[in-house]
Amino acid sequence: NAGVTQTPKFQVLKTGQSMTLQCAQDMNHEYMSWYRQDPGMGLRLIHYSVGAGITDQGEVPNGYNVSRSTTEDFPLRLLSAAPSQTSVYFCASSRSGGYGWHEQYFGPGTRLTVT
Amino acid sequence: TQLLEQSPQFLSIQEGENLTVYCNSSSVFSSLQWYRQEPGEGPVLLVTVVTGGEVKKLKRLTFQFGDARKDSSLHITAAQPGDTGLYLCAGVMSTNKLIFGTGTLLAVQP
Numbered sequence: 259n260a261g262v263t264q265t266p267k268f269q270v271l272k273t274g275q276s277m278t279l280q281c282a283q284d285m286n287h288e289y290m291s292w293y294r295q296d297p298g299m300g301l302r303l304i305h306y307s308v309g310a311g312i313t314d315q316g317e318v319p320n321g322y323n324v325s326r327s328t329t330e331d332f333p334l335r336l337l338s339a340a341p342s343q344t345s346v347y348f349c350a351s352s353r354s355g356g357y358g359w360h361e362q363y364f365g366p367g368t369r370l371t372v373t
Numbered sequence: 008t009q010l011l012e013q014s015p016q017f018l019s020i021q022e023g024e025n026l027t028v029y030c031n032s033s034s035v036f037s038s039l040q041w042y043r044q045e046p047g048e049g050p051v052l053l054v055t056v057v058t059g060g061e062v063k064k065l066k067r068l069t070f071q072f073g074d075a076r077k078d079s080s081l082h083i084t085a086a087q088p089g090d091t092g093l094y095l096c097a098g099v100m101s102t103n104k105l106i107f108g109t110g111t112l113l114a115v116q117p
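Line by line, the protein sequences are chains Z and A.
Numbered per this note's numbering, the first sequence spans residues 259 to 373.
Numbered per this note's numbering, the second sequence spans residues 8 to 117.
Here you go:
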């Protein structure tokens with residue numbers, strides 16, 4: 259199994275450009291999330307989804323859009339890139355049940371630089 | 008504002024020493040997870056604690072969930088260089104969001 263895959267691994271954008279970070283999982287997990295990781299800030303939740311067709315905002319949703327048309331895919335769209343969005347982005351998936359969130363399986367990350 | 012604060016932020020110790028990492032919040036969590044992250048990779052789950060006061064052990068690592076389910080600690084006994092990494096706690100809030108802490112970067116010198 260591939261687990262959680264993310265593309266691209268590295269990306270450089272100019273201010274104002276838009277792009278989509280791709281995330282896919284093959285574990286049939288209901289929950290999927292996008293995080294950004296900045297030095298000294300741990301991981302901050304951008305958007306998450308508890309199932310196909312259902313998305314919600316996390317801690318830092320501004321400037322990002324998501325959609326969940328299938329269980330497998332959860333793309334993250336940057337509408338108009340800004341230098342403040344320079345970060346490492348992680349996608350994660352987990353099954354649901356019981357107390358809600360189970361083990362998060364993370365992708366390898368996308369390192370994004372906005373100039 | 009971070010909802011989950013970890014301390015210390017950085018820790019550099021010698022092999023064989025003991026250490027404790029703290030994860031604190033004013034919010035109540037239905038469960039709390041601890042992850043370890045190596046450079047260039049995503050975090051990997053170490054343990055999940057669910058019940059207030061719960062203690063779980065994973066070899067030399069001991070995890071405790073506070074009685075009020077607002078805080079947690081990770082204690083490592085006789086640290087080894089292989090324990091080096093970024094330790095992250097993550098709590099499930101009443102809104103069903105999973106929020107990560109600020110992280111503790113541990114370096115164990117041989």
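Glycine is no exception: its CB is placed at the ideal position from the N, C-alpha and C atoms.
- At least one C-beta of chain A is nearer than 8 angstroms to the C-beta of Q362 (chain Z).
- In this structure, the beta-carbon distance from V262 (chain Z) to F364 (chain Z) falls below 8 angstroms.
- If you draw a straight line from the Cα of N286 (chain Z) to the Cα of R43 (chain A), it is about 24 angstroms long.
- With respect to the C-alpha of Q16 (chain A), the residue from A:V115, A:Q116, A:T109 and A:L39 having the closest C-alpha is A:T109.
- Chain A has a Cβ within less than 8 angstroms of the Cβ of E317 (chain Z).
- Annotated three-state conformation of S325 (chain Z) is coil, per DSSP.
- Legend: CB atoms of the stretch 36 to 70 of chain A lying less than 8 angstroms from CB atoms of chain Z belong to residues S37, S38, Q40, Y42, G47, E48, G49, P50, V51, L52, T55 and V57.
- Within chain A, no residue has its beta carbon less than 8 angstroms from that of M285 (chain Z); the closest one is some 14 angstroms off.
- The three-state secondary structure of G89 (chain A), taken from DSSP, is helix.
- For A114 (chain A), the enclosing beta strand (DSSP E) covers residues T111 to Q116.
- The C-beta of G110 (chain A) comes closer than 8 angstroms to at least one C-beta of chain Z.
- Here the alpha carbons of K77 (chain A) and V35 (chain A) stand approximately 5 angstroms from one another.
- Measuring C-alpha to C-alpha distances from M100 (chain A) to each of A:S33, A:L26 and A:G60 identifies A:S33 as the nearest.
- In the structure shown, Q362 (chain Z) falls within a coil segment according to DSSP collapsed to helix, strand and coil.
- Residue environment analysis places G60 (chain A) among the exposed positions, since fewer than 16 neighbouring C-beta atoms fall within 10 angstroms of its C-beta.
- Membership of F268 (chain Z) in the beta strand (DSSP E) is indicated by the continuous run F268 to L271.
- Between the beta-carbon of S291 (chain Z) and that of R335 (chain Z) there is about 15 angstroms, and that puts the pair past the 8 angstroms contact cut.
- For the pair N31 (chain A) and A85 (chain A), the CB atoms are not nearer than the 8 angstroms cut-off.
- Residues of the stretch 92 to 117 of chain A that bring their beta carbon within less than 7 angstroms of a beta carbon in chain Z comprise L95, V99, N103, K104, L105, I106, F107, G108, T109 and G110, in sequence order.
- For Y347 (chain Z), the closest Cβ of chain A is not nearer than 8 angstroms.
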